[in-house]
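Here the structure is laid out as structure tokens; the discussion comes afterwards.
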């Protein structure tokens, strides 16, 4: 899930947290433009953060096997639902599957797309997915 906040609100949350020193942080920071005419730019930022969630499950411990399987499935479904918003809005990969609510098929299409995408970031040109 994504939250937009400023440093004043974030500092209280982070004051007792450990330093993130790996290359795959759970928290990522990025500037966004919230001007209404540039809504697609905000979507572009979220899409580029969300794409990494496809194959990066959070390290959750203390669950039974059944709970873990349910957690993994729900995490995958929520990721697919979030990607579906962008795919359908900008006619991106998997849009047809997402429109049929076949979220896992749409997620697989997105995963293949991102695995073969050669640029560091996905770009949305106004209201079109740049392929």
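Residue numbers (the working numbering): 1 to 131. Note that CB positions come from ideal geometry on N, CA and C, so glycine has one too.
Length of the line joining the Cα atoms of residue i and residue j
i           : j           : result
residue 91  : residue 56  : 24 Å
residue 60  : residue 71  : 9 Å
residue 73  : residue 82  : 14 Å
residue 204 : residue 75  : Nothing in the structure corresponds to residue 204, since the chain is present only between 1 and 131.
residue 94  : residue 78  : 15 Å
residue 16  : residue 54  : 28 Å
residue 68  : residue 58  : 11 Å
residue 51  : residue 63  : 26 Å
residue 117 : residue 123 : 11 Å
residue 36  : residue 88  : Residue confidence is low: residue 36 scores 46 on pLDDT, short of 50, so the model does not pin down where it sits. No coordinate-derived value is stated.
Span of the alpha helix (DSSP H) around residue i
i           : result
residue 113 : 103-116
residue 56  : Unbroken run through residue 56: none, as it is neither H nor E.
residue 15  : Here residue 15 belongs to no alpha helix (DSSP H), and DSSP marks it neither H nor E.
Among the options, the one whose alpha carbon lies nearest that of residue i
i           : options        : result
residue 110 : 98, 125 and 41 : 98
residue 41  : 58, 80 and 86  : 86
residue 80  : 65, 66 and 47  : 47
One or two residues paired with residue i in a DSSP bridge
i          : result
residue 72 : According to DSSP, which records beta bridges pairwise, residue 72 is partnered with nothing at all.
residue 77 : Partner(s): none; residue 77 has no beta bridge.
residue 83 : Beta-bridge pairing links residue 83 to no other residue.
Buried/exposed call for residue i, threshold 16 Cβ in 10 Å
i          : result
residue 12 : exposed
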